[in-house]
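Comments concern the structure below.
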Amino acid sequence: MVYIVALLSVIFLGLAALVVSRMAAVVKNANGPVEEGRIGLSNRINGALFMVFFVVGIIGVVWSFYYASEFFLPEASSPHGRRTDSLFWLSMGIITAAFFITNALLFIFAWRYQYKAGRKAAYYPENHKLELIWTVIPAVVMALLVFTGWRAWRDIMSEAPADAQVFEIVGKQFNWIVRYPGVDNNKLGAYNYKLIDNNNETGIDYTDEASFDDFVSTTELHIPVNKPVLLKIRARDVLHSVFIPHMRVKMDAVPGMPTRFWFIADKTTDEMRNMTGNQDFGYEIACTEVCGRGHFSMRIRLVVEDEASWQAWCKEQKPLLSSTPDLAARIPENLKAKAAKYLPAEGTAAPADSSTASTQQNGGVSAVSATIR
Numbered sequence: 001m002v003y004i005v006a007l008l009s010v011i012f013l014g015l016a017a018l019v020v021s022r023m024a025a026v027v028k029n030a031n032g033p034v035e036e037g038r039i040g041l042s043n044r045i046n047g048a049l050f051m052v053f054f055v056v057g058i059i060g061v062v063w064s065f066y067y068a069s070e071f072f073l074p075e076a077s078s079p080h081g082r083r084t085d086s087l088f089w090l091s092m093g094i095i096t097a098a099f100f101i102t103n104a105l106l107f108i109f110a111w112r113y114q115y116k117a118g119r120k121a122a123y124y125p126e127n128h129k130l131e132l133i134w135t136v137i138p139a140v141v142m143a144l145l146v147f148t149g150w151r152a153w154r155d156i157m158s159e160a161p162a163d164a165q166v167f168e169i170v171g172k173q174f175n176w177i178v179r180y181p182g183v184d185n186n187k188l189g190a191y192n193y194k195l196i197d198n199n200n201e202t203g204i205d206y207t208d209e210a211s212f213d214d215f216v217s218t219t220e221l222h223i224p225v226n227k228p229v230l231l232k233i234r235a236r237d238v239l240h241s242v243f244i245p246h247m248r249v250k251m252d253a254v255p256g257m258p259t260r261f262w263f264i265a266d267k268t269t270d271e272m273r274n275m276t277g278n279q280d281f282g283y284e285i286a287c288t289e290v291c292g293r294g295h296f297s298m299r300i301r302l303v304v305e306d307e308a309s310w311q312a313w314c315k316e317q318k319p320l321l322s323s324t325p326d327l328a329a330r331i332p333e334n335l336k337a338k339a340a341k342y343l344p345a346e347g348t349a350a351p352a353d354s355s356t357a358s359t360q361q362n363g364g365v366s367a368v369s370a371t372i373r
């Protein structure tokens with residue numbers, strides 16, 4: 001690659017020197033008549049250079065495409081991703097065809113219709129038929145591209161199916177936090193940003209009994225294959241962006257404005273390892289919005305597995321209440337009995353008048369004020 005860049009640099013410098021010399025000749029002869037023979041020679045040189053540049057440019061474009069294709073993402077691991085890719089390559093195909101046609105005409109005409117003694121240029125003040133052709137054809141092509149893109153966008157951004165598996169992903173400087181709904185009919189509990197602290201990073205609201213079996217992870221997201229997945233997306237501080245490149249999933253995480261995205265992953269992690277021949281392959285969720293100095297660290301592993309493996313993994317996880325029994329103080333008295341099965345023995349005895357409980361029961365009063373009282 002270094003040698004190719006060096007070669008292109010030498011060619012560029014040579015062409016630049018040639019252009020400068022030609023310009024110097026033009027300036028030198030600007031104040032006096034120029035021999036007709038020299039005009040013809042200059043035009044032949046310019047025409048030949050046009051064709052050389054065109055051929056070399058085409059070779060460079062084709063080479064760069066095939067060279068870069070090694071680094072392209074593999075086929076999308078989701079149906080909507082493959083549809084998005086097909087629209088992308090359709091647009092690229094049309095644009096590339098237009099690029100080659102227009103540039104071929106530009107360079108070939110410059111060579112073919114160069115100055116010759118006795119030849120007169122034809123002048124067309126207007127040509128309505130030609131104008132109609134070059135206006136209508138691009139307009140129709142653009143309309144078709146816009147319509148097919150709109151249909152894809154409508155389908156991709158439609159409401160998730162009723163049986164979609166729900167997850168919540170929360171971005172903060174500088175990591176992702178994933179919340180799972182546990183086993184209570186695929187239902188995430190409520191949340192309140194006022195409840196966020198070191199023990200409760202996503203602000204889970206334990207006045208909602210659906211929250212009792214929710215558990216969180218900051219290292220990985222496990223999802224089942226061939227099943228609709230609904231990501232509920234939030235941000236705690238600044239703008240982030242959820243990006244799953246192999247699924248063609250991207251959606252901003254906006255503070256104060258929950259967003260969502262649903263998709264179907266139809267290739268497990270193991271299947272992708274076999275397809276790519278890379279046994280170290282792994283899906284990941286990254287952040288594509290520069291969110292601060294630690295932006296580079298906002299990555300989390302995504303594991304796609306069969307339903308049985310996913311269910312088994314979920315059953316091995318402990319609800320946040322089990323791993324952080326101090327949160328029991330936030331549970332209303334009338335729901336403590338229902339929460340008891342998720343708490344260790346000492347967790348059920350957490351004092352109801354603790355500072356955290358006072359914070360919950362008094363609608364957001366600070367723990368410090370509650371302790372003083």
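For the sequence shown, UniProt numbering gives the first residue as 1, with consecutive numbering after it.
All residues carry an ideal CB built from backbone N, CA and C; glycine is no exception.
Outcome for residue i when other beta-carbon atoms lying within 10 angstroms are tallied against a minimum of 16
i: Q311; result: exposed
i: E131; result: exposed
i: E168; result: buried
i: L8; result: exposed
i: P319; result: buried
i: V20; result: exposed
i: W176; result: buried
i: I285; result: buried
i: T135; result: exposed
i: I300; result: buried
i: W153; result: exposed
i: K315; result: exposed
i: H128; result: exposed
i: R179; result: buried
i: P161; result: exposed
i: K116; result: exposed
i: A6; result: exposed
i: N274; result: exposed
i: L321; result: buried
Start-to-end residues for the beta strand (DSSP E) that takes in residue i
i: I223; result: E220 to P224
i: G171; result: Q165 to K172
i: A253; result: V249 to A253
i: S217; result: F215 to S217
i: N175; result: N175 to Y180
i: F72; result: Where F72 is concerned, there is no enclosing beta strand (DSSP E), given that its DSSP letter is neither H nor E.
i: F212; result: That residue, F212, is in no beta strand (DSSP E); it is neither H nor E in DSSP.
i: V183; result: Where V183 is concerned, there is no enclosing beta strand (DSSP E), given that its DSSP letter is neither H nor E.
Any non-hydrogen atom of the ligand NAD closer than 6 Å to residue i Cβ
i: I58; result: The model on display carries no ligand, and the ligand NAD is accordingly not part of it.
Inter-residue spacing [alpha-carbon to alpha-carbon] between residue i and residue j
i: V56; j: F50; result: 10 Å
i: I133; j: Y124; result: 16 Å
i: D214; j: P181; result: 5 Å
i: V10; j: L18; result: 12 Å
i: G256; j: G171; result: 12 Å
i: F109; j: V52; result: 14 Å
i: V62; j: F100; result: 11 Å
i: K187; j: E159; result: 17 Å
i: I137; j: I59; result: 28 Å
i: M298; j: C287; result: 6 Å
i: P351; j: T324; result: At P351, the pLDDT of 38 sits below 50, so the modelled position is not reliable; the number obtained from the coordinates is stated separately. Each residue's alpha carbon lies about 14 Å from the other.
i: V183; j: Y191; result: 18 Å
i: F147; j: R248; result: 20 Å
i: I204; j: P245; result: 29 Å
i: W150; j: F12; result: 43 Å
i: A210; j: N185; result: 9 Å
i: T218; j: R293; result: 19 Å
i: A253; j: D208; result: 24 Å
i: S78; j: L105; result: 41 Å
i: D306; j: Q173; result: 32 Å
i: P228; j: R234; result: 20 Å
i: Y3; j: G14; result: 17 Å
i: A16; j: R119; result: 31 Å
i: K194; j: D266; result: 38 Å
i: residue 381; j: E70; result: Missing from the structure shown is residue 381; the chain here goes from 1 to 373 and no further.
Which residues DSSP lists as bridging residue i, in chain order
i: L231; result: F167 and F261
i: I204; result: Y191
i: I244; result: V249
Residue i: first and last residue of the uninterrupted alpha helix (DSSP H) it sits in
i: R83; result: P79 to R112
i: F147; result: H128 to I156
i: K338; result: K336 to A339
Complete runs of the beta strand (DSSP E) confined to the segment 275 to 320 [at least 3 residues]
Complete beta strand (DSSP E) runs here, min 3: 283 to 287 and 299 to 305.
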